[in-house]
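J.: Heads up: the sequence lines are chains A and B, in that order.
The first sequence runs 1 to 287 under full-length UniProt numbering.
The second sequence runs 1 to 273 under full-length UniProt numbering.
Mind having a look at this structure? Questions to follow.
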Amino acid sequence: MRKRTRGYWLYLVPSLLLFLAVIVVPFLMNVGVSFTRWSGVGTPRWIGLDNYTRLLGDERFWESFQHNVGLIVAMAVVPTALGLVLAAALFDYVGRRFGPRTASAMRAAYYLPQVLPVAIAGVVWGWMLHPSYGAVNQILGLELDWLGDPDLALATVMAVMVWFQLGYPVVIFMAGLQRTDPSYREAAEIDGASWWRTFWHVTIPQIRPEIFVVLLTCTIAALKVFGPIFVLTRGGPGNATMVPSYFSYLNFFQKSNVGYGSAIATVLALVIVVVTFLFLRVQEREP
Amino acid sequence: MRGPGRWAVVLALAVLAVVMLFPFAIVAINAVKSPAEYSSQGPLSLPDGLYWQGIVDFWNRVEFGTKLWNSFVISASVSVLAVVLSVLNAYALGIGRVKGRLSILVVFLVANTLPQESLAYPLYYLAKAAGLYDTRLSVIIVMTAIQAAFGTYLLSAVLGRFPKEILEAAAIDGAGRLRSLVRIVVPISRPTLSVLLIFFFIWTWNEFFLPLILLVSNDTQTVPVALGVLQGERYMDATMSSASALLGVVPAIAFFLIFQRTLTRGVTVGAVK
């Protein structure tokens, strides 16, 4: 028996080597570099925890995490809440009274932005939001500099991300509803419960696992967000839309503060691992 | 809900659908508008005729054909290689049940959650040291590892439920391990593997951050990187911008339409099992 399982190890060897080279070694290098001052050329100079103490006092760093919270709202909280209502309405209502084809056509419409590369979504909106020739100002009859005004930029990026993200929860939740037993919802309706009460007390508990998965994956995506910031605002104006990922990129490739950038990236990795762990713990405790 | 209420709900849902689709429509109508028409009529008017010159000019200017080819080569290579690696890993973990498989799975999962920022500079540095910087091969190697991490996690669970009797019967007939994998496990899991292949292809196509860092020259950049960098530099005029947006959107929608059926079929086959 022992001999029988031993042979299977061979199948893991190619991936383990690749992982060592592409993930393990680079990650450890990144952590190592975060304890040094290094411009990317020459020898890194060991400075201990200096980069981390500097981070704690760096206003841009704290702001960038605050903006991340905004993006979690835009990419995880709002799409999940809205997605639940939409999925339930499509499934229970449109699907039943107007046929499943109408429901799936609408689902496809909500999902379409999700098929775009996020950078391309940025290209589309960068053009639509242009202050002088953009379509958005023309429609609303405004002359706002959506991405160039420090008071508006973050809210604008958040709105774009809601548009981009919404389809994902709708699709996952509709699949979840298909998996569940509709007789509970029908029973609640027959007992005279309003649509909202049924939605809150029956539908949501039924697809709790899907809600967890969507919240977790969207929160991680929001913490990592880079493409839309790079394309739409480059973290600006000022620091109005600075996020940790772009902040580390800036230090790596534009300011040649590789040590400092590595410290930011390490903290971001730590935050993401902790968030994942917390989510999974909460999920385990659920009945 | 009956009468007006019923229509109000559907109307609200339909309005939202229109809002979601609006950017696609406005990109399409403006990409075929001449610059003169755009400046006199604005972005909201319907085009008088089809003006393809803007798209053609933009295509030539960014050498879009090269970008498409780069994206295709990278995505296709990554999806095939990552599926192969995922199958090999999942065979060892899900069917072989090697010792310590749980901790190995956790490592794969953590690798998948790590932000790419925490790998980016060392990857950039190592790629330069290895002479792979600014080659498609560098992105293929890196993305294969990242996609295979997810694929291993997913596929191990699927192969963990693989009917053992079939494999035992094959072993009695004298089939070796590799033979069992190629002749039995892969054909039977093909629906799942093709779904995985498509996901890897699309995810790699859509990838932005690591290709941005590893690919700098015109000859190697992918579609999202080339268009994203141009937009970020903001020296484009209105018609160029909409041509750029259209060229970025079209492949994504094409994949969606091509793959949609396979994806749903694959998912349902997986669910029936």
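We treat Cβ as the ideally placed atom computed from N, Cα and C, and that holds for glycine.
Consult DSSP for A/THR203 and reduce its assignment to one of helix, strand or coil.
T.: To locate residue 203 of chain A, count along the first sequence from 1; it is residue 203. Helix, per DSSP.
J.: DSSP three-state label for B/ARG177, please.
T.: In the second sequence, the residue the question calls residue 177 of chain B occupies position 177. It is helical.
J.: Give the C-beta separation of B/VAL83 and B/LEU197 to the nearest angstrom, bearing in mind that I take them to be a contact with Cβ-Cβ under 8 Å.
T.: Walking along the second sequence from the start, residue 83 of chain B turns up at place 83. Walking along the second sequence from the start, residue 197 of chain B turns up at place 197. Contact holds; Cβ gap of about 5 Å.
J.: How would you call A/ARG179, buried or exposed, if buried means at least 16 neighbouring beta carbons within 10 angstroms?
T.: In the first sequence, residue 179 of chain A corresponds to position 179, counting from 1. Answer is exposed; the Cβ neighbour count stays below 16.
J.: Hey, out of A/VAL225, A/GLY236, A/ASN239, whose CA is closest to A/ALA74's CA?
T.: Counting from one through the first sequence, the residue named residue 74 of chain A turns up at place 74. The shortest Cα separation from A/ALA74 among A/VAL225, A/GLY236, A/ASN239 belongs to A/VAL225.
J.: Compare the C-alpha of A/PRO14 against each of B/ARG177, B/PRO122, B/VAL106, B/LEU85 and name the closest.
T.: As a first step, residue 14 of chain A is located in the first sequence; it is residue number 14 there, counting from the start. Here the closest residue by C-alpha is B/LEU85.
J.: What's the C-alpha gap between residue 289 of chain A and A/LEU270?
T.: Coverage of chain A is limited to positions 1 through 287, which leaves residue 289 of chain A absent and any answer about it impossible.
J.: Taking A/PRO113 as the query, report the chain B residues whose CB atoms sit under 7 Å from its CB, ordered along the chain.
T.: Here residue 113 of chain A refers to the residue found at position 113 of the first sequence. Per Cβ cutoff of 7 Å: MET20.
J.: For B/THR204, count neighbouring C-beta atoms within 10 Å of its own C-beta (all shown protein chains included) and say buried if the count is 16 or more, exposed if not.
T.: The sequence position of residue 204 of chain B within the second sequence is 204, counting from 1. By the neighbour-count rule (16 or more Cβ atoms within 10 Å), B/THR204 is buried.
J.: With the cut-off set at 7 Å, would you say A/VAL162 and A/LEU232 are in Cβ contact?
T.: Residue mapping note: residue 162 of chain A aligns to position 162 of the first sequence, counting from 1. Residue mapping note: residue 232 of chain A aligns to position 232 of the first sequence, counting from 1. Their beta carbons are not under 7 Å apart, which means A/VAL162 does not touch A/LEU232 by this criterion.
J.: Can you check whether the CB of A/VAL123 is closer than 7 Å to the CB of B/LYS227?
T.: Within the second sequence, numbered from 1, the residue matching residue 227 of chain B stands at position 227. Within the first sequence, numbered from 1, the residue matching residue 123 of chain A stands at position 123. The sequence shown places Leu at residue 227 of chain B, not Lys. The answer is yes: Cβ separation under 7 Å.
J.: Of all the CB atoms in chain A, is at least one closer than 7 Å to the CB of B/ASN89?
T.: As a first step, residue 89 of chain B is located in the second sequence; it is residue number 89 there, counting from the start. Answer yes: the Cβ-Cβ gap between B/ASN89 and chain A drops below 7 Å somewhere.
J.: Identify, in the order they occur along the chain, each residue of the same chain with its Cβ nearer than 8 Å to the Cβ of A/ALA153, setting aside the five sequence neighbours on each side.
T.: Reading the first sequence from its first residue, position 153 is the one you call residue 153 of chain A. Here the set comprises TRP146, LEU147, THR233, GLY236, PRO237, ALA240, THR241.
J.: Among the residues of its own chain, which have a CB less than 8 Å from the CB of B/ILE55, if the five just before and after it don't count?
T.: As a working note, residue 55 of chain B is residue 55 in the second sequence. Same-chain partners within the cutoff: ALA31, VAL32, ALA243, LEU246, LEU247.
J.: Residues in the same chain with beta-carbon distance under 7 Å from A/VAL78, minus the five sequence neighbours each way, listed in chain order, please.
T.: Residue mapping note: residue 78 of chain A aligns to position 78 of the first sequence, counting from 1. For A/VAL78, same chain residues with a beta-carbon under 7 Å away, outside a window of 5 residues either side, are VAL162 in chain order.
J.: In chain order, what residues of the same chain have a beta carbon less than 6 Å from the beta carbon of A/GLN165, not counting five sequence neighbours either side?
T.: Here the question's residue 165 of chain A lines up with position 165 in the first sequence. Only MET75, PRO79 meet the Cβ criterion.
J.: Run through the DSSP bridge pairs and tell me what B/THR152 is partnered with.
T.: Indexing the second sequence from 1 puts residue 152 of chain B at position 152. Looking at the DSSP assignment, B/THR152 forms no beta bridge with any residue, so it has no partner.
J.: Between which two residues does the alpha helix (DSSP H) carrying A/GLN178 extend?
T.: The sequence position of residue 178 of chain A within the first sequence is 178, counting from 1. Note, A/GLN178: alpha helix (DSSP H), 167-179.
J.: Under 8 Å, with one C-beta from each stretch per pair, do the segment 65-82 of chain B and the segment 135-150 of chain B reach the 3-pair mark?
T.: yes
J.: With DSSP run on the structure shown, which of helix, strand or coil describes residue 283 of chain B?
T.: The question about residue 283 of chain B has no answer, for chain B in this structure spans 1 to 273.
J.: Measuring straight from C-alpha to C-alpha, what distance separates B/SER40 and B/PRO47?
T.: By 1-based counting over the second sequence, the position of residue 40 of chain B is 40. By 1-based counting over the second sequence, the position of residue 47 of chain B is 47. The alpha-carbon atoms of B/SER40 and B/PRO47 are separated by roughly 11 Å.
J.: Taking its Cβ as the centre, do 16 or more other Cβ atoms sit within 10 Å of B/ASP219, making it buried, or is it exposed?
T.: Reading the second sequence from its first residue, position 219 is the one you call residue 219 of chain B. Flag for B/ASP219 reads exposed.
J.: In this structure, does DSSP put B/ARG97 in helix, strand or coil?
T.: As a first step, residue 97 of chain B is located in the second sequence; it is residue number 97 there, counting from the start. In the structure shown, B/ARG97 sits in coil (DSSP, three-state: anything other than H, G, I, E or B).
J.: Report the partner residues of A/TRP46 according to the DSSP bridge assignment.
T.: To locate residue 46 of chain A, count along the first sequence from 1; it is residue 46. Beta-bridge pairing links A/TRP46 to A/THR36.
J.: Grouping DSSP H, G and I as helix and E and B as strand, with all else coil, what is B/SER34?
T.: Taking the second sequence and counting its residues from 1, one reaches residue 34 of chain B at position 34. Of the three classes helix, strand and coil, the one that applies to B/SER34 here is coil, per DSSP.
J.: Are A/TYR93 and A/GLY167 closer than 7 Å when you measure CB to CB?
T.: Taking the first sequence and counting its residues from 1, one reaches residue 93 of chain A at position 93. Taking the first sequence and counting its residues from 1, one reaches residue 167 of chain A at position 167. Judged by their CB atoms, A/TYR93 and A/GLY167 are not nearer to each other than the 7 Å cut-off.
J.: Pick helix, strand or coil for B/TYR133, following the three-state DSSP scheme.
T.: For this step, residue 133 of chain B is matched to residue 133 along the second sequence. Three-state DSSP puts B/TYR133 in coil, outside helix and strand.
J.: Do B/GLY94 and B/SER156 come within 7 Å of each other at the CB atom, strictly closer than that value?
T.: Your numbering for residue 156 of chain B matches position 156 in the second sequence. Your numbering for residue 94 of chain B matches position 94 in the second sequence. The Cβ atoms of B/SER156 and B/GLY94 lie closer than 7 Å to each other.
J.: Is it buried or exposed for B/SER77, if we count other Cβ within 10 angstroms and need 16 for buried?
T.: Taking the first residue of the second sequence as 1, we reach residue 77 of chain B at position 77. The Cβ neighbour count for B/SER77, taken over all protein chains shown within 10 Å, is at least 16; the residue is labelled buried.
J.: Give me the Cα-Cα distance between A/ARG60 and A/GLN138, rounded to the nearest whole angstrom.
T.: The count along the first sequence starts at 1 and reaches residue 60 of chain A at position 60. The count along the first sequence starts at 1 and reaches residue 138 of chain A at position 138. Cα-Cα distance, rounded: 34 Å.
J.: Look up B/MET236 in the DSSP assignment and say whether it is helix, strand or coil.
T.: Looking up residue 236 of chain B in the second sequence gives position 236. Annotated three-state conformation of B/MET236 is coil, per DSSP.
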